[in-house]
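Throughout the sequence shown, residue numbering follows our numbering, covering 1 to 72 in sequence.
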Amino acid sequence: MPDAKEVFSEIENRIKSKADKAAGLNATYQFDLSGESWTLKIADGAPTITPGAAQNPNTTMIASTEDWMNIA
Numbered sequence: 001m002p003d004a005k006e007v008f009s010e011i012e013n014r015i016k017s018k019a020d021k022a023a024g025l026n027a028t029y030q031f032d033l034s035g036e037s038w039t040l041k042i043a044d045g046a047p048t049i050t051p052g053a054a055q056n057p058n059t060t061m062i063a064s065t066e067d068w069m070n071i072a
């Protein structure tokens, strides 16, 4: 099973591959997974994944790492 970093990297790559659909999107998503946080920031359709919490996320998802890996 891939780890969280690999899953978020894949999410980033998928968004980049559909840049035309993400164009104009500006949002920050925070994922709190079993005590570790990840941030997905999309600025005008360009995604960036970073470890750690966001300052002002638009959405926060809280789940166990195991549950997140099962649905990601």
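Note that CB positions come from ideal geometry on N, CA and C, so glycine has one too.
- Taking every protein chain shown into account, the CB of Q55 has fewer than 16 other CB atoms within 10 angstroms, so this residue is exposed.
- In the displayed model, D44 falls within coil according to three-state DSSP, outside both helix and strand.
- A Cβ-Cβ separation of about 5 angstroms places Y29 in contact with T59 under the 8 angstroms criterion.
- A residue is called buried when at least 16 other Cβ atoms come within 10 angstroms of its Cβ; L33 meets this threshold and is buried.
- For A27, the enclosing beta strand (DSSP E) covers residues 27-33.
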